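Quick note: the sequence shown, position 87, residue 87 per UniProt numbering, numbers continuous.
First the structure, in the form of C-alpha cells, and then the observations on it.
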Amino acid sequence: MKKKLIPIILIVVAIVIISIVVFSSKRTDTTTADNTNKTALENTKTNEQKNDLENTKINNQNSDSESTKIDNQDTNSQDNPVDVIENKEDDTTNEQPETNIKEEVIDYILNGQENKSDADKLNWSKSFLEQVDIAKLYDEYLTDGGKADDIEEVAKYITLNAPISDNWKELFENDLSETYGEKVSKLEPLEDDLYQAYITSDGKDVPFVVVSSRTGYYHG
C-alpha cells in the first residue's frame with residue numbers, strides 16, 4: 001500500500017513545485033514589465049522636462065536677442081538724429097561766418113567808402129573782387145594777428161595780399177569793353193602789379209589806361 005502511495009505523493013509534489021515555479025515566473029515577468037514601464041515613463045518625463053528646458057532657454061535667448069536688437073535700434077534712432085543735427089549745426093556754423101565776411105568785405109569795398117578821398121579808397125573792379133577767395137585770406141589775416149570783424153582792416157589786407165588771377169587780362173578786357181567799348185591792343189608792364197593798357201586809334205597803339213592786375217582797377 002505504501003509503495004502505491006509514493007508515486008502519487010511524488011506527482012503531487014511535482015505539481016506543487018511546478019505551480020510555485022510558474023507563479024514565481026509570472027510574478028517576475030510582471031515585476032520586470034512594471035519596472036520597464038516605470039523606467040520608460042520616467043525616461044519620457046525626463047525627456048519632456050529636458051525639451052521644456054531647452055525650449056524655455058531658446059525662447060529666452062530669442063527674447064533677449066529681440067530685446068537687444070530693439071534696444072540697439074532705439075539707441076541708433078535716438079543717436080543718429082542728434083549726430084545729423086550736430087553736423088548740420090557745425091556746417092552752418094562754419095559756412096555762415098565765411099559767407100558773411102565775404103559779403104561784408106565786398107559791400108564795404110564797393111559801397112562803403114563814400115566818406116574817403118579817392119586817394120584813400122581801396123579800389124577794385126567788381127569782377128576781379130568776386131574772383132577772390134576772401135574766406136581763405138580772412139583766415140590768413142587772423143593767423144597773422146588781425147582783429148576779427150574789423151572789416152576795413154580785412155579789406156586792406158585782401159587788397160595787398162590777394163593773388164593775381166590767371167585770367168585777369170580777360171577780365172580787364174571785358175571790363176574795358178563794357179565801360180568804354182574799346183578793345184585792348186596790348187599791355188605793357190610798369191611796376192609791381194601795374195600795366196599800361198593800349199588801344200588802337202588811327203591805326204596806332206596809344207596809351208589808354210593803367211590797370212592793376214591784382215584788383216582790376218584802372219585809371220586814365
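Heads up, the beta-carbon is just placed ideally off N, CA and C, and yes, glycines get one too.
Fair warning: this is a prediction, and the values are worked out from it, not measured in the lab.
Cα-Cα separation between residue i and residue j, rounded to whole angstroms
{"i": "serine 197", "j": "alanine 135", "result": "It should be pointed out that residue 197 corresponds to alanine in this sequence rather than to serine. Alanine 197 and alanine 135: Cα-Cα distance of roughly 31 Å."}
{"i": "serine 125", "j": "proline 207", "result": "20 Å"}
{"i": "serine 127", "j": "aspartate 175", "result": "8 Å"}
{"i": "glutamate 95", "j": "leucine 142", "result": "Caution applies to glutamate 95, whose pLDDT of 46 falls short of 50 and renders its modelled position unreliable; the value that the coordinates give is listed next. Approximately 17 Å, taken between the alpha carbons."}
{"i": "glutamate 130", "j": "glutamate 191", "result": "24 Å"}
{"i": "tyrosine 195", "j": "valine 209", "result": "8 Å"}
{"i": "glutamate 104", "j": "leucine 187", "result": "33 Å"}
{"i": "threonine 159", "j": "lysine 116", "result": "16 Å"}
{"i": "serine 201", "j": "asparagine 100", "result": "45 Å"}
{"i": "glutamate 182", "j": "glutamate 170", "result": "13 Å"}
{"i": "asparagine 161", "j": "glutamine 113", "result": "20 Å"}
{"i": "alanine 119", "j": "lysine 102", "result": "24 Å"}
Where the alpha helix (DSSP H) through residue i begins and ends
{"i": "leucine 137", "result": "134 to 143"}
{"i": "lysine 121", "result": "Element bounds for lysine 121: n/a, residue is neither H nor E."}
{"i": "alanine 155", "result": "151 to 161"}
{"i": "asparagine 174", "result": "168 to 180"}
{"i": "lysine 126", "result": "126 to 129"}
First and last residue of the uninterrupted beta strand (DSSP E) at residue i
{"i": "lysine 186", "result": "184 to 189"}
{"i": "tyrosine 198", "result": "194 to 201"}
{"i": "lysine 204", "result": "204 to 212"}
Sub-8 Å separation of residue i and residue j beta-carbons
{"i": "tyrosine 108", "j": "leucine 137", "result": "no"}
{"i": "serine 177", "j": "aspartate 205", "result": "no"}
{"i": "valine 132", "j": "phenylalanine 172", "result": "no"}
{"i": "serine 165", "j": "aspartate 193", "result": "no"}
{"i": "glycine 146", "j": "glutamate 152", "result": "no"}
Distance between beta carbons of residue j and residue i, contact taken as under 8 Å
{"i": "tryptophan 168", "j": "glycine 216", "result": "7 Å"}
{"i": "alanine 148", "j": "leucine 122", "result": "In fact, because the Cβ distance is near 19 Å, the residues do not count as touching under 8 Å."}
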